[in-house]
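Peer 1: Let me begin by handing over the structure; questions about it come next.
So, in structure tokens, the structure goes:
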């Protein structure tokens with residue numbers, strides 16, 4: 458019994474220290490100088506899409522895949538909302554209307570990246586979401602793909618941090634989904 462209590466306490470300490478690492482050492486933005494073959498942005502968080510479009514417009518990357526766009530959004534509405542010219546939309550922006558969660562975002566993005574033969578990609582999502590998003594993309598994308606993480610700083614609630622940490626742990630162990 459004493460051994461089980463110690464193992465339980467050790468597991469709780471490992472969980473707590475892991476959570477503290479997760480919170481205090483969140484991923485940060487990538488250098489604006491770092492060029493890539495494409496940008497993938499996961500919708501759902503403040504400033505994610507704006508960051509990805511800034512990268513595209515700056516010429517740091519020539520193409521953009523926007524994963525998880527609401528099915529009700531028309532491309533013209535997207536362009537108007539984010540001030541994207543029709544020329545840039547037609548040549549360089551792909552909107553994904555199929556994916557609905559992090560795993561399907563990664564799946565659709567991986568398919569697009571493979572089809573475009575992308576070798577380096579800049580992944581844009583919120584800082585608290587980056588580790589799991591990068592994990593999912595790395596699992597599904599071609600093995601030779603270099604993923605540059607570009608985390609958008611945010612101010613997540615404690616509840617979001619706990620939920621995301623638990624999802625990251627589960628997915629790291631090959632459990633669960635979304």
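In this note's numbering, the protein residues as written are 458 to 635.
Note that beta-carbon positions come from the ideal geometry of N, C-alpha and C, so glycine has one too.
Computed from a prediction, not measured in an experiment: that's the story for all the values here.
Report the residue ranges of all alpha helix (DSSP H) runs contained in full by the region 482-526; include only those spanning at least 4 residues, in chain order.
Peer 2: 505-514
Peer 1: In angstroms with no decimal places, state the Cα-to-Cα distance between residue 556 and residue 562.
Peer 2: Straight across, the Cα-Cα distance linking residue 556 with residue 562 is about 5 Å.
Peer 1: How is the beta strand (DSSP E) around residue 579 delimited, first residue to last?
Peer 2: 577-583
Peer 1: If we call anything under 8 Å between Cβ atoms a contact, is residue 605 one with residue 487?
Peer 2: In contact: residue 605 and residue 487 (Cβ atoms closer than 8 Å).
Peer 1: Report the rounded CA-to-CA distance for residue 627 versus residue 593, giving the unit in angstroms.
Peer 2: 12 Å
Peer 1: Pick out the complete alpha helix (DSSP H) segments inside the region 561-631, 4 residues or longer, and give them in chain order.
Peer 2: 587-597 and 615-629
Peer 1: With respect to the alpha helix (DSSP H) encompassing residue 544, which residues constitute its N-terminal and C-terminal limits?
Peer 2: 543-549
Peer 1: How big is the Cα-Cα spacing for residue 466 and residue 550?
Peer 2: 50 Å
Peer 1: Residues in its own chain within less than 6 Å of residue 611 by CB, not counting five upstream and five downstream?
Peer 2: Hits under 6 Å: 583 and 584.
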